[in-house]
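Undergrad: Residue numbers for the sequence shown, in my numbering: 573 to 1039.
Idealized CB from N, CA, C, for every residue including glycine.
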Amino acid sequence: MIDRNEIDRMSEDLQVHTSHVQRDYVHGWILSLLYSNSPLSNTLILKGGTALRKGYFEKSRYSRDVDFTTSSRIDEESLGRELNSICNAITERCGVIFDTTKTRVEKKKRADKDKNISEARLYFSDFYGKPSEIVLAVRLDVTQFDRLYLPVQERNIIHPYSDHEACSAPIKCVQLEEILASKMRCLLQRKHIADLFDLVYATIISPEIEIDRRAIISTFYKITIFGRSPSVVKGLFIDLPLEAFSRFWGKYIACPIATFFDFESAKTSFLGLVNALIPEPATHNYSRTFFPSVLRNPILAAADSMTMLKLKYDNIERLVEPYELAFKIRKDRVAREYFYAYDTTGGRSSGPGIKVFVPGKVQSIENTDEEFEPRLPMEISKAGGAEIVSRFEGRRGPRSFFPKSPARKPHRQSGTSWGDFGYAVQYKIQCPYCGKQFKRKRFGDTKLNPHKDKYGNRCYGTIGYPA
């Protein structure tokens, strides 16, 4: 196992938090042993942000999740046994200590029940503190019965640490062009800053790998419903409310400082890429098969702010919580986009519950200020998580700062920190495991109270760091 000095040195050189370095190191060992010493190697294909970092680009952003795809079924019990076996082997090989009694594998809850995803949590001890003080976690998602459109690639694992020779192994990855096509699809259906960053970094910023752009767009058409409508999808891309990313860009991306690029560069590069991939002129047509921008963008905004939508659907007014957008092709080959939401008011005959809405029956959508507590993971809004920590100074994270728009207090309250101009200052700390942030009145108060992650499960984080 690498020592603390190596972690600190890499953390300082790259200007990322030590938790990202530790988790990335563990990701490498998990992938190495999974593909060299486990029957899971026959079925699991690495995809997503971790595939970019561990299979293609050494200096790309850090990803908290390890996502796999498989064309077959894997039951949760067998998956849990294999993962625990891998954890035990890692402990023997490099000394990382896992608490396999806490390993959890379960079917992921989501609004779209047609998608079968197993979600696993693996817990390991922080490389610094006592095992009882800080426990970090790795989350693995396995999408079952999935389909790939380009050949699977075998890549040498990227493990930029002193024990790279011991960790060396070929890994199976989704082809780069298909990963990027998926990022394009995701930009249409969720507000996840990492999707934009990954797409721009791989296609524009990094010259390391030659990319077949024709393969990107042809695969994109296959995994969406726009194969015959390039002008339409170009209009959707141009209309995306990308400006909403700008205020979070430097905060939600965790990557080496040399890799980081500003939001305006990302936006300009993305629109240039869209024009290059889709030379046809953009159109902005209404359709009964997909959600046009006038309906799509309010859905994305509501998910981002966790606020309800007023939805007039099939002549009935509803108040709904947005959860998911999905492209699907039915057995009769009819292709359509679907909107999954929790209807709090009910329809003509059914009561409240998760409903599926199609574009052709949506008469109007209106944003509200009414907030809600998510009942399920919000696939439309995934900007949070580990990416919330970006660059920092020193191991303890960024220096304290004043909120941009602090609320003025009419009376001073005891126990509250006050700035020079009479503003109450609140500090934020973040759990290194679940990514949740908590307000503190005193800088340096990093102890975490018992809390749950965003899925309602108990989180084992006990010590936070300044966010």
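1) Given this structure, state the Cα-to-Cα distance separating residue 944 from residue 890, to the nearest angstrom.
2) Taking the alpha-carbon positions, what's the residue 934 to residue 885 distance?
3) Is it true that the CB of residue 813 sits closer than 8 angstroms to the CB of residue 741?
4) In the DSSP output, what is residue 692 paired with across the bridge?
5) Just reading off the beta strand (DSSP E) that residue 639 is part of, what are its end residues?
6) Please report how far the alpha carbon of residue 765 lies from the alpha carbon of residue 611, in whole angstroms.
7) Quick one: Cα of residue 1020 to Cα of residue 848, how far?
8) Could you check what DSSP says for residue 725 in three-state terms: helix, strand or coil?
9) DSSP puts residue 892 in a beta bridge; with which residues?
10) By Cβ distance below 7 angstroms, which residues in the same chain neighbour residue 769 in space, the five residues on each side in sequence not counted?
11) Residue 866 and residue 880: beta carbons closer than 8 angstroms?
12) Considering Cα atoms alone, identify which of 574, 575 and 593 is closest to residue 583.
13) Looking at residue 602: is its Cβ nearer than 8 angstroms to the Cβ of residue 638?
14) Report the CB separation of residue 606 from residue 714 in whole angstroms; it is logged as a contact under 8 angstroms.
15) Could you say which of 791, 805 and 821 lies nearest to residue 843 if we only look at CA atoms?
16) Three or more C-beta pairs under 8 angstroms: does that hold for the segment 911-927 against the segment 681-691?
17) Of all the options 627, 624, 660 and 618, which has the alpha carbon lying nearest to the alpha carbon of residue 642?
18) Where do the N-terminal and C-terminal ends of the beta strand (DSSP E) with residue 668 fall, by residue?
19) Can you give me the start and stop residues for the alpha helix (DSSP H) that residue 806 sits inside?
20) Measuring alpha carbon to alpha carbon, tell me which of 645, 719, 1024 and 815 ends up nearest residue 750.
21) DSSP beta-bridge partners for residue 543?
22) Classify residue 797: buried if its beta carbon has 16 or more other beta carbons within 10 angstroms, exposed otherwise.
23) Roughly how many angstroms lie between the CA atoms of residue 920 and residue 914, to the nearest whole one?
24) Between 697, 692, 667 and 707, which lies nearest to residue 649 when the distance is taken from Cα to Cα?
25) Express the C-alpha separation of residue 729 and residue 700 in angstroms, rounding to a whole number.
26) Hey, residue 895 and residue 948: beta-carbon distance below 8 angstroms or not?
27) With a CB to CB cut of under 6 angstroms and the five nearest residues on each side skipped, what residues in its chain are close to residue 855?
28) Would you list the one or two residues that DSSP bridges to residue 746?
29) Kindly identify the DSSP beta-bridge partner or partners of residue 928.
30) Since residue 939 is in the beta strand (DSSP E), which residue starts that stretch and which ends it?
31) Could I get the ranges of all uninterrupted alpha helix (DSSP H) runs contained in the segment 831-881, with 4 residues as the minimum, in chain order?
32) Can you tell me where the alpha helix (DSSP H) with residue 823 in it begins and where it stops?
33) Measure from the alpha carbon of residue 689 to the alpha carbon of each residue in 640, 733 and 695, then state which is nearest.
TA: Taking the definition as stated:
1) Residue 944 sits at position 372 when you count from the first residue of the sequence shown. Residue 890 sits at position 318 when you count from the first residue of the sequence shown. For residue 944 and residue 890, the distance between alpha carbons rounds to 15 angstroms.
2) Here residue 934 refers to the residue found at position 362 when the sequence shown is read from its first residue. Here residue 885 refers to the residue found at position 313 when the sequence shown is read from its first residue. When rounded, the distance between both Cα atoms is 5 angstroms.
3) As a first step, residue 741 must be located in the sequence shown, where it is residue number 169. As a first step, residue 813 must be located in the sequence shown, where it is residue number 241. Cβ atoms of residue 741 and residue 813: not closer than 8 angstroms.
4) Counting from one through the sequence shown, the residue named residue 692 turns up at place 120. In the DSSP output, where bridge partners are listed per residue, residue 692 has 677 and 712.
5) On the sequence shown, residue 639 is found 67 positions in, with the first residue counted as 1. Where residue 639 is concerned, the enclosing beta strand (DSSP E) stretches over 637-641.
6) Numbered from its first residue, the sequence shown carries residue 765 at position 193. Numbered from its first residue, the sequence shown carries residue 611 at position 39. Computed Cα separation, rounded: 34 angstroms.
7) The residue given as residue 1020 occupies position 448 in the sequence shown. The residue given as residue 848 occupies position 276 in the sequence shown. Roughly 48 angstroms separates the two Cα atoms.
8) Here residue 725 refers to the residue found at position 153 of the sequence shown. Strand, per DSSP.
9) Translated into the one-based positions of the sequence shown, residue 892 becomes position 320. Note: residue 892 sits in a beta bridge opposite 881 and 915.
10) Here residue 769 refers to the residue found at position 197 when the sequence shown is read from its first residue. Answer for residue 769: 633, 825 and 838, listed in chain order.
11) As a first step, residue 866 is located in the sequence shown; it is residue number 294 there, counting from the start. As a first step, residue 880 is located in the sequence shown; it is residue number 308 there, counting from the start. No; because the gap between Cβ atoms is not below 8 angstroms, this pair is not in contact.
12) If you number the sequence shown from 1, residue 583 lands on position 11. The shortest Cα separation from residue 583 among 574, 575 and 593 belongs to 593.
13) Translated into the one-based positions of the sequence shown, residue 602 becomes position 30. Translated into the one-based positions of the sequence shown, residue 638 becomes position 66. Contact check for residue 602 against residue 638 passes: the beta carbons are separated by less than 8 angstroms.
14) Taking the sequence shown and counting its residues from 1, the one referred to as residue 606 is at position 34. Taking the sequence shown and counting its residues from 1, the one referred to as residue 714 is at position 142. Residue 606 to residue 714, Cβ: 11 angstroms. No contact.
15) Your numbering for residue 843 matches position 271 in the sequence shown. For the residues 791, 805 and 821, the minimum Cα distance to residue 843 belongs to 805.
16) yes
17) For this step, residue 642 is matched to residue 70 along the sequence shown. Here the closest residue by C-alpha is 618.
18) Against the sequence shown, residue 668 aligns to sequence position 96. Annotation: residue 668 is outside any beta strand (DSSP E) and is labelled neither H nor E by DSSP.
19) Along the sequence shown, one-based indexing puts residue 806 at 234. Note, residue 806: alpha helix (DSSP H), 802-811.
20) As a working note, residue 750 is residue 178 in the sequence shown. Measuring from the Cα of residue 750, the nearest candidate turns out to be 719.
21) Residue 543 lies beyond the range of the chain shown here (573 to 1039); nothing can be said about it.
22) Taking the sequence shown and counting its residues from 1, one reaches residue 797 at position 225. So residue 797 counts as buried.
23) Position 348 of the sequence shown, counted from the first residue, corresponds to residue 920. Position 342 of the sequence shown, counted from the first residue, corresponds to residue 914. Each residue's alpha carbon lies about 15 angstroms from the other.
24) For the purposes of this step, residue 649 is identified with residue 77 of the sequence shown, where counting begins at 1. When each option's Cα is compared against that of residue 649, the closest is 692.
25) By one-based count along the sequence shown, residue 700 stands at place 128. By one-based count along the sequence shown, residue 729 stands at place 157. Distance between the alpha carbons of residue 700 and residue 729: 26 angstroms.
26) Translated into positions along the sequence shown, residue 895 becomes position 323. Translated into positions along the sequence shown, residue 948 becomes position 376. The Cβ atoms of residue 895 and residue 948 sit closer than 8 angstroms to each other.
27) Residue numbering aside, residue 855 sits at position 283 when the sequence shown is read from its first letter. 803, 804 and 807, listed in sequence order.
28) Numbered from 1 along the sequence shown, position 174 holds the residue referred to as residue 746. Beta-bridge pairing links residue 746 to no other residue.
29) Start at 1 with the first residue of the sequence shown, and residue 928 comes out as number 356. According to the DSSP secondary-structure assignment, residue 928 is paired through a beta bridge with 912.
30) As a working mapping, residue 939 is identified with position 367 in the sequence shown. Here the beta strand (DSSP E) through residue 939 covers 934-943.
31) 835-849 and 865-877
32) On the sequence shown, residue 823 is found 251 positions in, with the first residue counted as 1. Counting along the chain, the alpha helix (DSSP H) containing residue 823 begins and ends at 821-824.
33) As a working note, residue 689 is residue 117 in the sequence shown. Nearest C-alpha to residue 689: 640.
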